[in-house]
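Accompanying notes for the structure given below.
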Amino acid sequence: SWNLAERVFPKLRGHHRCLPYLIAANPVNYGVPTKLSTAEALASALYIAGFKEQAGAILSVFKWGPGFIKLNQELLEEYSKASNSKEVVEIQRRYMP
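In the numbering used here, the protein residues as written are 0 to 96.
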C-alpha cells in the first residue's frame, strides 16, 4: 500500500526520485493531483522513461486506464522530453495550480 511508503522507501538504497505532478484518473481519486494508484504511478514512470507501450499495457487492464494517459498526455510528453530533474521541476511548475 502507498500508505506504507514513507516507512518503506527510506530503507531502500539508491537514488530516490518522486514522480512529477500528474492527475489521477482512477475512480477513487479521479481528478486529484498526485494521488495516483500503483498502476498509474508505475505506468507514469514507464511512460516518462520512454516505455510508452509498456505503460499502455499496464493501464489497459483497467476500464479507466486509457483515460489516465489521455488526461495527462501533455504533461507526460513534456516530462519524457526533459533532459534532467531540473527541467522536470520547471515543467511541473507551469502546470501546478
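Just so you know, even glycine gets a beta-carbon here, dropped at the ideal spot from N, CA and C.
Are residue i and residue j close, meaning C-beta to C-beta below 9 Å?
{"i": "T33", "j": "L41", "result": "no"}
{"i": "Y78", "j": "I68", "result": "no"}
{"i": "P65", "j": "L58", "result": "yes"}
{"i": "Y46", "j": "A56", "result": "no"}
{"i": "V60", "j": "A24", "result": "no"}
{"i": "S82", "j": "R16", "result": "no"}
{"i": "P26", "j": "V88", "result": "no"}
{"i": "W63", "j": "Y29", "result": "yes"}
According to DSSP, is residue i part of a helix, a strand, or is it coil?
{"i": "P19", "result": "coil"}
{"i": "P9", "result": "helix"}
{"i": "P65", "result": "helix"}
{"i": "G55", "result": "helix"}
Is it right to say residue i is buried, meaning 16 or more other beta carbons lie within 10 angstroms of its own, or is it exposed?
{"i": "K43", "result": "For clarity, residue 43 is Ser in the given sequence; the question names Lys instead. Label assigned to S43: buried."}
Tell me, please, which residues DSSP counts as bridged to residue i.
{"i": "P32", "result": "I22"}
Starting from the Cα of residue i, find the closest Cα among the options and give me that residue.
{"i": "Q72", "options": "L35, K51, E86, R92", "result": "K51"}
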